[in-house]
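Peer 1: Protein sequence lines correspond, in order, to chains A and B.
Position in the first sequence (from 1) plus 261 gives the number in our numbering.
Position in the second sequence (from 1) plus 261 gives the number in our numbering.
Protein chains: 2
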Amino acid sequence: MSLEKVSSNKAFGGQLVKYKFKSETLGGLNANFNLYLPPSATTSKVPILTYLSGLTCTEDNGAQKGGFLGPAAQEGIAILFPDTSPRGAGIEGEDDDWDFGTGAGFYLNATNPKFAKHYNMFTHVTVELPAVLAAAALPIDFTRQSIFGHSMGGHGALTLYLNSLYHGAKQYRSVSAFAPISNPINCPWGQKAFTGYLQGGIEEAKEKYDATELIKKLKSPVNILVDYVCEKEYDEISALTLNATQGTADNFYIQGQLLPENFLKAARDAGYDEVQVRVRSQEGYDHSYYFISTFGADHIHFHSNFLKA
Amino acid sequence: MSLEKVSSNKAFGGQLVKYKFKSETLGGLNANFNLYLPPSATTSKVPILTYLSGLTCTEDNGAQKGGFLGPAAQEGIAILFPDTSPRGAGIEGEDDDWDFGTGAGFYLNATNPKFAKHYNMFTHVTVELPAVLAAAALPIDFTRQSIFGHSMGGHGALTLYLNSLYHGAKQYRSVSAFAPISNPINCPWGQKAFTGYLQGGIEEAKEKYDATELIKKLKSPVNILVDYVCEKEYDEISALTLNATQGTADNFYIQGQLLPENFLKAARDAGYDEVQVRVRSQEGYDHSYYFISTFGADHIHFHSNFLKA
Numbered sequence: 262m263s264l265e266k267v268s269s270n271k272a273f274g275g276q277l278v279k280y281k282f283k284s285e286t287l288g289g290l291n292a293n294f295n296l297y298l299p300p301s302a303t304t305s306k307v308p309i310l311t312y313l314s315g316l317t318c319t320e321d322n323g324a325q326k327g328g329f330l331g332p333a334a335q336e337g338i339a340i341l342f343p344d345t346s347p348r349g350a351g352i353e354g355e356d357d358d359w360d361f362g363t364g365a366g367f368y369l370n371a372t373n374p375k376f377a378k379h380y381n382m383f384t385h386v387t388v389e390l391p392a393v394l395a396a397a398a399l400p401i402d403f404t405r406q407s408i409f410g411h412s413m414g415g416h417g418a419l420t421l422y423l424n425s426l427y428h429g430a431k432q433y434r435s436v437s438a439f440a441p442i443s444n445p446i447n448c449p450w451g452q453k454a455f456t457g458y459l460q461g462g463i464e465e466a467k468e469k470y471d472a473t474e475l476i477k478k479l480k481s482p483v484n485i486l487v488d489y490v491c492e493k494e495y496d497e498i499s500a501l502t503l504n505a506t507q508g509t510a511d512n513f514y515i516q517g518q519l520l521p522e523n524f525l526k527a528a529r530d531a532g533y534d535e536v537q538v539r540v541r542s543q544e545g546y547d548h549s550y551y552f553i554s555t556f557g558a559d560h561i562h563f564h565s566n567f568l569k570a
Numbered sequence: 262m263s264l265e266k267v268s269s270n271k272a273f274g275g276q277l278v279k280y281k282f283k284s285e286t287l288g289g290l291n292a293n294f295n296l297y298l299p300p301s302a303t304t305s306k307v308p309i310l311t312y313l314s315g316l317t318c319t320e321d322n323g324a325q326k327g328g329f330l331g332p333a334a335q336e337g338i339a340i341l342f343p344d345t346s347p348r349g350a351g352i353e354g355e356d357d358d359w360d361f362g363t364g365a366g367f368y369l370n371a372t373n374p375k376f377a378k379h380y381n382m383f384t385h386v387t388v389e390l391p392a393v394l395a396a397a398a399l400p401i402d403f404t405r406q407s408i409f410g411h412s413m414g415g416h417g418a419l420t421l422y423l424n425s426l427y428h429g430a431k432q433y434r435s436v437s438a439f440a441p442i443s444n445p446i447n448c449p450w451g452q453k454a455f456t457g458y459l460q461g462g463i464e465e466a467k468e469k470y471d472a473t474e475l476i477k478k479l480k481s482p483v484n485i486l487v488d489y490v491c492e493k494e495y496d497e498i499s500a501l502t503l504n505a506t507q508g509t510a511d512n513f514y515i516q517g518q519l520l521p522e523n524f525l526k527a528a529r530d531a532g533y534d535e536v537q538v539r540v541r542s543q544e545g546y547d548h549s550y551y552f553i554s555t556f557g558a559d560h561i562h563f564h565s566n567f568l569k570a
């Protein structure tokens, strides 16, 4: 698991470093990730926040477009940006679709023998990457971890967090998500992924990889923030920019891929209030990084409350 | 010159809108640009800051990666993001190199007959785009304009600003640049561009398109901010991230493409002090958008002083 530095860029007084290493959990393939170390990492170990990106993304999208690095520098928090799937496994069909296979690992451990050697992003993110960073003696305090993500990565963040709590491990202190796939057993993206990656299909996923199902059976306190976009907004500024009848919207919400209300309802039914599970509708935004960057600082500050408590 | 809306994204409470139109100055080709309108544009006309991007870029790079939109929303400033060249002129050889032709218009008006019909980014940015926006009745106050840019776009920003002052037009109140090509008649990129686009070659460029030459002959007050990166920095945080012997750096500075010291010396020789021409060396950064985004808010605030005066 020896780490190789691919590139580094100074940003907001800290360093964004891209590393690669041969990943055992991904079947021996090379895996890339980015790590942002804030300026304060020179004087003490810093807490770490993992950002999981969405379908088709790599370790770069969040680092380049999320607007996270400035707030993380201010708060003294490291950010880990993993990739979204193994790359180059050579499995038949893995590059055919944008929503399955390469770029679409869904942060699970595959049990279908066809994918089980390589598609293990769950263990890659929760176990292997922290171990690799620790082995490289990077200045990170692994007793202080949180996680967030976007879309498929929002699904990943919620399910990794909830699984950890459910199994008593408490690896992450808090979780947040932008427009997460919130109830994947009931949406086309999730059904396709689970049917493909898991021997037990949707039934297997229901136990392990569905945030709405997981929150139903949880008893412990949680710290959850979700931002999503449910409606187009017809506002004055849209009217000013031509095509006055159209606001923007999250088309994947409209298609029923995200289902955040299902997660919210399950959380409320399980007794979680607005303090523990905060779900906010942000009208007029869409599924893009323009939406994410607008609320990026807000999410960093949310996690900072717990990481620095 | 009728404007067509290609897409829009809500960001930081405002709207980023991509438009296209048939550009007369670019020989009748379709031209794209992005316009960010801050939330305050719904209640009053707002000042406008033009951002010129560097080699190989489009109208998207600055909007996605610059970190400008949040500060512009706060300050109530619109940002115009033009493209970097005409697209699809069909001129022999225009797509052969990344530093000449498509994506490399150098913000000049070509006089070489081969390019003169299409490569007129100078007039496109200074005259045509403001006219197109005004004709669409967008809520912009064109008496309050400033300009900034990166690398080739830093060259563009400086030369458009200085030309405007030199000819008494005062179109822009202030200019800033990240790692600008500051003395292009003396660097390989500039020499290649000027020899290719201009009938009079480097002699013609010396009169019109070289910031260092232009500042020498200027008498009027100026408001100029330049950030550049002259040195690798071997600091503690680089040491922590493996390969302890390497900091980051701006490789194009090292290659002699930027020459900001020439501009600084010319400005001081012409009598401009640190208040009017502020040139800052930011050590340890590089030529990327990680550098730009680190100082993006700073540049917006610099321009805000003049745009809202």
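Note that CB positions come from ideal geometry on N, CA and C, so glycine has one too.
1) Under a three-way DSSP split, which group does I561 (chain B) fall into?
2) Cβ of D360 (chain B) within 9 Å of Cβ of K453 (chain B)?
3) Give me the DSSP bridge partner(s) of D488 (chain A).
4) Could you pull the DSSP bridge partners for F342 (chain B) from this structure?
5) Is the Cβ of P400 (chain A) closer than 9 Å to any Cβ of chain B?
6) Examine chain A for any beta-carbon lying closer than 9 Å to the beta-carbon of E497 (chain B), and answer yes or no.
7) Closer than 7 Å, Cβ to Cβ, to anything on chain A: give me those residues from the segment 307-320 of chain B, in chain order.
8) Using the three-state DSSP reduction, which class does K283 (chain A) fall into: helix, strand or coil?
9) Can you look up E265 (chain A) in the DSSP assignment and give me helix, strand or coil?
10) To the nearest whole angstrom, what separates the beta carbons of I485 (chain B) and Q537 (chain B), a pair I think is in contact under 8 Å?
11) What does G327 (chain A) reach in chain B if we use C-beta pairs closer than 8 Å?
12) Give, in chain order, every unbroken run of the alpha helix (DSSP H) that is at least 4 residues long and sits entirely within the segment 414-466 of chain B.
13) Could you check what DSSP says for D402 (chain B) in three-state terms: helix, strand or coil?
14) Using a cut-off of 8 Å between C-beta atoms, extract the partners of D547 (chain A) located in chain B.
15) Pull up the distance between the alpha-carbon of P449 (chain A) and that of Q518 (chain A), whole angstroms please.
16) Report, in whole angstroms, the separation of the C-beta atoms of P441 (chain A) and P521 (chain A), which I expect to be a contact under 8 Å.
17) Indicate whether at least one CB of chain B lies closer than 9 Å to the CB of Y550 (chain A).
18) Please determine if the segment 336-349 of chain B and the segment 382-389 of chain B are in contact, where contact requires at least 3 C-beta pairs separated by less than 8 Å.
19) Could you tell me the alpha carbon to alpha carbon distance between Y533 (chain B) and R434 (chain A), rounded to whole angstroms?
20) Go ahead and label N566 (chain A) buried or exposed: buried means 16 or more other beta carbons lie within 10 angstroms of its beta carbon, across all protein chains shown.
21) Please list, in chain order, all residues of the same chain as R539 (chain B) whose beta carbon is under 8 Å from its beta carbon, the five residues on each side excluded.
22) Closest by CA to G315 (chain A), which one among A:G415, A:T502 and A:K431?
23) Would you report the Cα separation of Q432 (chain A) and K283 (chain A), rounded to the nearest angstrom?
24) I'd like to know whether the C-beta of A466 (chain A) is nearer than 9 Å to at least one C-beta of chain B.
25) Quick check: what's the CA-CA separation for F409 (chain B) versus K480 (chain A)?
26) When the cut-off is 9 Å and only beta carbons count, does G274 (chain A) lie next to chain B?
27) Strictly by DSSP, which residues pair up with G365 (chain A)?
28) Answer yes or no: do L264 (chain B) and A397 (chain B) have a C-beta to C-beta separation smaller than 9 Å?
29) Once DSSP output is grouped into helix, strand and coil, what is the label at F273 (chain A)?
30) Could you give the distance in angstroms between the alpha-carbon of P482 (chain B) and the alpha-carbon of F403 (chain B)?
31) So for I309 (chain A), helix, strand or coil by DSSP?
32) Can you check which of these residues, A:I352, A:G429 and A:S443, is closest to T420 (chain A) by C-alpha distance?
33) Give a yes or no on whether 9 Å exceeds the smallest Cβ distance from L519 (chain A) to chain E.
34) With V393 (chain B) as the anchor, note down where its alpha helix (DSSP H) starts and where it stops.
35) Flag this pair as yes or no: are the beta carbons of F563 (chain B) and Y458 (chain B) separated by less than 9 Å?
36) Quick check: the Cα distance between P299 (chain B) and S305 (chain B), rounded to an integer number of angstroms?
Peer 2: So, from the listed chains and residues:
1) Against the second sequence, residue 561 (chain B) aligns to sequence position 300. I561 (chain B): helix per DSSP, three-state reduction.
2) Numbered from 1 along the second sequence, position 99 holds the residue referred to as residue 360 (chain B). Numbered from 1 along the second sequence, position 192 holds the residue referred to as residue 453 (chain B). Yes, they are a contact pair.
3) Taking the first sequence and counting its residues from 1, the one referred to as residue 488 (chain A) is at position 227. Residue pairing by DSSP places D488 (chain A) opposite A:F439 and A:R541 in a beta bridge.
4) Here residue 342 (chain B) refers to the residue found at position 81 of the second sequence. Paired residue(s): B:N295.
5) As a first step, residue 400 (chain A) is located in the first sequence; it is residue number 139 there, counting from the start. Closer than 9 Å to some Cβ of chain B, the Cβ of P400 (chain A) qualifies, so yes.
6) For this step, residue 497 (chain B) is matched to residue 236 along the second sequence. Yes, its Cβ sits closer than 9 Å to a Cβ of chain A.
7) none
8) Stepping through the first sequence from its first residue, residue 283 (chain A) is reached at position 22. Residue state, collapsed to three classes: strand.
9) Along the first sequence, one-based indexing puts residue 265 (chain A) at 4. If DSSP states are grouped into helix, strand and coil, E265 (chain A) belongs with the strands.
10) Walking along the second sequence from the start, residue 485 (chain B) turns up at place 224. Walking along the second sequence from the start, residue 537 (chain B) turns up at place 276. Yes, they are in contact, since the Cβ atoms of I485 (chain B) and Q537 (chain B) sit about 7 Å apart, within 8 Å.
11) Here residue 327 (chain A) refers to the residue found at position 66 when the first sequence is read from its first residue. Residues of chain B passing the Cβ test: none, with the nearest at roughly 10 Å.
12) 449-458
13) Residue 402 (chain B) sits at position 141 when you count from the first residue of the second sequence. Three-state result, D402 (chain B): strand.
14) Here residue 547 (chain A) refers to the residue found at position 286 of the first sequence. Per Cβ cutoff of 8 Å: N270 and K271.
15) Start at 1 with the first residue of the first sequence, and residue 449 (chain A) comes out as number 188. Start at 1 with the first residue of the first sequence, and residue 518 (chain A) comes out as number 257. Cα to Cα, the separation comes out at about 7 Å.
16) Position 180 of the first sequence, counted from the first residue, corresponds to residue 441 (chain A). Position 260 of the first sequence, counted from the first residue, corresponds to residue 521 (chain A). P441 (chain A) to P521 (chain A), Cβ: 7 Å. Contact.
17) One-based indexing of the first sequence puts residue 550 (chain A) at position 289. By this cut-off, Y550 (chain A) is an interface position.
18) Under the three-pair Cβ rule at 8 Å, the segment 336-349 of chain B counts as touching the segment 382-389 of chain B.
19) As a first step, residue 533 (chain B) must be located in the second sequence, where it is residue number 272. As a first step, residue 434 (chain A) must be located in the first sequence, where it is residue number 173. Rounded to whole angstroms, Y533 (chain B) to R434 (chain A) spans 54 Å at the Cα level.
20) In the first sequence, the residue the question calls residue 566 (chain A) occupies position 305. Counting the other CB atoms within 10 Å of its CB gives N566 (chain A) a total below 16, which places it among the exposed residues.
21) Residue mapping note: residue 539 (chain B) aligns to position 278 of the second sequence, counting from 1. Correct list, in chain order: I485, L486 and V487.
22) As a working mapping, residue 315 (chain A) is identified with position 54 in the first sequence. That would be A:G415, whose Cα lies nearest to the Cα of G315 (chain A).
23) Walking along the first sequence from the start, residue 432 (chain A) turns up at place 171. Walking along the first sequence from the start, residue 283 (chain A) turns up at place 22. For Q432 (chain A) and K283 (chain A), the distance between alpha carbons rounds to 24 Å.
24) Stepping through the first sequence from its first residue, residue 466 (chain A) is reached at position 205. For A466 (chain A), the answer is no, since every Cβ of chain B falls outside 9 Å of its Cβ.
25) Mapped onto the second sequence, residue 409 (chain B) falls at position 148. Mapped onto the first sequence, residue 480 (chain A) falls at position 219. Looking at the two C-alpha atoms, the distance is approximately 54 Å.
26) Taking the first sequence and counting its residues from 1, the one referred to as residue 274 (chain A) is at position 13. Yes, because at least one Cβ of chain B sits closer than 9 Å to the Cβ of G274 (chain A).
27) Stepping through the first sequence from its first residue, residue 365 (chain A) is reached at position 104. According to the sequence displayed, residue 365 (chain A) carries Ala and not Gly. Paired residues: A:G362.
28) Taking the second sequence and counting its residues from 1, the one referred to as residue 264 (chain B) is at position 3. Taking the second sequence and counting its residues from 1, the one referred to as residue 397 (chain B) is at position 136. The answer is yes: Cβ separation under 9 Å.
29) For the purposes of this step, residue 273 (chain A) is taken as the residue at position 12 of the first sequence. F273 (chain A): coil per DSSP, three-state reduction.
30) Here residue 482 (chain B) is taken as the residue at index 221 of the second sequence, counted from 1. Here residue 403 (chain B) is taken as the residue at index 142 of the second sequence, counted from 1. Approximately 20 Å, taken between the alpha carbons.
31) What you label residue 309 (chain A) is simply residue 48 of the first sequence in a count that begins at 1. Strand.
32) By 1-based counting over the first sequence, the position of residue 420 (chain A) is 159. That would be A:S443, whose Cα lies nearest to the Cα of T420 (chain A).
33) No chain E is part of this structure, whose protein chains are labelled A and B.
34) In the second sequence, the residue the question calls residue 393 (chain B) occupies position 132. V393 (chain B) -> alpha helix (DSSP H) spans L390 to A396.
35) What you label residue 563 (chain B) is simply residue 302 of the second sequence in a count that begins at 1. What you label residue 458 (chain B) is simply residue 197 of the second sequence in a count that begins at 1. Going by C-beta atoms, F563 (chain B) is not nearer than 9 Å to Y458 (chain B).
36) On the second sequence, residue 299 (chain B) is found 38 positions in, with the first residue counted as 1. On the second sequence, residue 305 (chain B) is found 44 positions in, with the first residue counted as 1. When the Cα atoms are used, P299 (chain B) and S305 (chain B) turn out to be separated by approximately 11 Å.
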